[in-house]
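Everything below concerns the one structure shown next.
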DNA sequence: ATATACTATATTAAATCAATAGAGATTATA
DNA sequence: TATAATCTCTATTGATTTAATATAGTATAT
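Chains as they are written, first to last, in our numbering: chain A, 166 to 311; chain B, 166 to 311.
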C-alpha cells in the first residue's frame, strides 16, 4: 500500500466531514483550510469522492459537500482503495493477473498475500466514526506538553 | 509498501542465488535467464545489491555473482528496504519528518504505524533460506493439476 | 442580475520507473 | 601477451504517475 498526497487529502477530507457531520454542508475552501490542502486540488479529490458515492454536494450559493452516509458506515479501507487503488504491495496478487510466468509456484506470492491481508484487516476495521471519536476525545482532554 | 519491478527482480535474484548457494558464482545472464529479467537492467540491480553488501562478485572470465553471506542470514525485509525504500505506507511515519503541521495529533498516524508494524513483522521474519527450502520441497513433491 | 460555489477538462512541471546504450576495467586462458 | 568473457559505471531515453494550476462552464440563493 502506498498513500499519495491525493489519498491523504481524501482521507483527511472525509474525516473532516465526519467530525462536522451534524453541521451540514461545508464548502471546498472551508475544508481545504481545515485540512491544509490546496483548494483547486481538493476540488478534484472531492469530485472523485462524490463519484465514489462517499459524499454528496449542493451547487450554487450555500452549496458545499457533506457525507452521503454516516461516518460509522465508511471505513478507511473503502476510501483508500477507491482513491489510491488496491492495497496489494505488488500487482501479481490481483485476480486475473497473467504477466508472470510462474504465478502458481512463486515463493513470494503467499507472502505478499499475507501482507495484503494484514493491511486489509487493519484498514477495513476502522470507520471514520472511530477516528472522529478519537479526535473529539482528544480535544476534551488536552495534553499539555512543555 | 510498494514493490517495483526493480525490487521484484532484486528479490528473485537473491532467492535464485540462495537456491544455488552451493554452486558458487553465477553470471548476470544466467541469473537473468532463470528469473526472467532484462539482462542490462538486472546488471544495475545486482550492482546495487553488491553495494548493499548482500552479494559479492568476481570480474573477468569465470566471473559472476554470489551471496556474500548464507541465505539464512538475509531477510526479505532487508532486501526490500534497501532496494525499494522504507516499508511505511506514507512518509510521515519516518523519524525526522516535519512537513505536516499536526503530526502528534493526527488521527491516521497510529494506523499507518500499525500497518507498518504488521508489514515489518512479516517480511523481517522470513529469510531467503526459508524461501529456498520451500522451493526445493515443491520440486521434490510435485502437485499434479488437471 | 449577480455573487457564490460546484463541475469538468486541459495543461504543465516534476518525479519516478523501466529499460537501453556504450565505454571502461578486470581476469582466465590459449 | 592477445583475446574473450565478465563485471563496472554513467548517461540517456521513453513512459507513466503525481501534484498542482488554469480555465471555462453550470447551478442556485438572494
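Where is the CB? At the ideal position from N, CA and C, for every residue including glycine. Here the structure is a predicted model, which means the values were calculated and not measured.
Query raised in the report: Grouping DSSP H, G and I as helix and E and B as strand, with all else coil, what is residue 183 of chain A?
Result: By one-based count along the first chain, residue 183 of chain A stands at place 18. Three-state result, residue 183 of chain A: helix.
Query raised in the report: Does any CB atom of chain B fall closer than 8 angstroms to the CB of residue 179 of chain A?
Result: Within the first chain, residue 179 of chain A is the residue found at index 14, counting from 1. Output row for residue 179 of chain A: interface = no.
Report task. Check each candidate in A:232, A:302, A:242, A:291 and name the one with the smallest Cα separation from residue 281 of chain A. Result -> Locating residue 281 of chain A in the first chain gives position 116, counting from the first residue. For residue 281 of chain A, the nearest C-alpha among the options comes from A:242.
**Report entry** N-terminal and C-terminal residue of the alpha helix (DSSP H) that residue 211 of chain A is part of
**Finding:** Your numbering for residue 211 of chain A matches position 46 in the first chain. That run of the alpha helix (DSSP H) goes 204-216.
Query raised in the report: Which partner residues of residue 221 of chain A appear in the DSSP bridge assignment?
Result: What you label residue 221 of chain A is simply residue 56 of the first chain in a count that begins at 1. The partner list for residue 221 of chain A (beta bridge, DSSP) reads A:231.
Query raised in the report: Among A:251, A:176, A:223, A:222, which has the Cα closest to the Cα of residue 201 of chain A?
Result: Taking the first chain and counting its residues from 1, the one referred to as residue 201 of chain A is at position 36. Of the candidates A:251, A:176, A:223, A:222, the one whose C-alpha sits nearest the C-alpha of residue 201 of chain A is A:176.
Report task. With a 10 Å radius around its C-beta and 16 neighbouring C-beta atoms as the bar for buried, classify residue 183 of chain B as buried or exposed. Result -> Here residue 183 of chain B is taken as the residue at index 18 of the second chain, counted from 1. Its Cβ being crowded by 16 or more others within 10 Å, residue 183 of chain B is buried.
Query raised in the report: Leaving out five residues before and five after residue 220 of chain A in sequence, what residues of the same chain have Cβ atoms less than 7 angstroms from its Cβ?
Result: Within the first chain, residue 220 of chain A is the residue found at index 55, counting from 1. Cβ within range, chain order: 182, 211, 214, 230, 231, 232, 233.
Query raised in the report: In terms of alpha-carbon separation, which member of B:296, B:278, B:193 lies closest to residue 223 of chain B?
Result: Your numbering for residue 223 of chain B matches position 58 in the second chain. Checking every option, the nearest Cα to that of residue 223 of chain B belongs to B:193.
Query raised in the report: Would residue 168 of chain A count as contacting chain B if we go by Cβ distances under 8 angstroms?
Result: Residue mapping note: residue 168 of chain A aligns to position 3 of the first chain, counting from 1. Yes, residue 168 of chain A lies at the interface with chain B (some Cβ there is under 8 angstroms from its Cβ).
Query raised in the report: Looking at the C-beta of residue 190 of chain B, does it have a partner C-beta in chain A at a distance below 8 angstroms?
Result: Within the second chain, numbered from 1, the residue matching residue 190 of chain B stands at position 25. So no, residue 190 of chain B is outside the interface.
Query raised in the report: Does any residue of chain A bring its CB to less than 8 angstroms from the CB of residue 176 of chain B?
Result: Position 11 of the second chain, counting from 1, holds the residue named residue 176 of chain B. At least one chain A Cβ lies under 8 angstroms of residue 176 of chain B.
Requested in this report: Measure how close the beta-carbons of residue 272 of chain A and residue 198 of chain B come, nearest whole angstrom, since I'm counting them as under 8 angstroms.
Outcome: The residue labelled residue 272 of chain A in the question sits at position 107 within the first chain. The residue labelled residue 198 of chain B in the question sits at position 33 within the second chain. In fact, because the Cβ distance is near 18 angstroms, the residues do not count as touching under 8 angstroms.
**Report entry** CB contact below 8 angstroms: residue 266 of chain B versus chain A
**Finding:** Along the second chain, read from residue 1 onward, the residue named residue 266 of chain B stands at position 101. Yes, because at least one Cβ of chain A sits closer than 8 angstroms to the Cβ of residue 266 of chain B.
**Report entry** Limits of the unbroken alpha helix (DSSP H) element including residue 195 of chain A
**Finding:** Position 30 of the first chain holds residue 195 of chain A. Its alpha helix (DSSP H) spans residues 193-200.
Query raised in the report: From the beta carbon of residue 203 of chain A, is the nearest beta carbon of chain B less than 8 angstroms away?
Result: Counting from one through the first chain, the residue named residue 203 of chain A turns up at place 38. No, because no Cβ of chain B sits closer than 8 angstroms to the Cβ of residue 203 of chain A.
Query - CB contact check: residue 289 of chain A to chain B, cutoff 8 angstroms - result: Along the first chain, read from residue 1 onward, the residue named residue 289 of chain A stands at position 124. So, not an interface residue.
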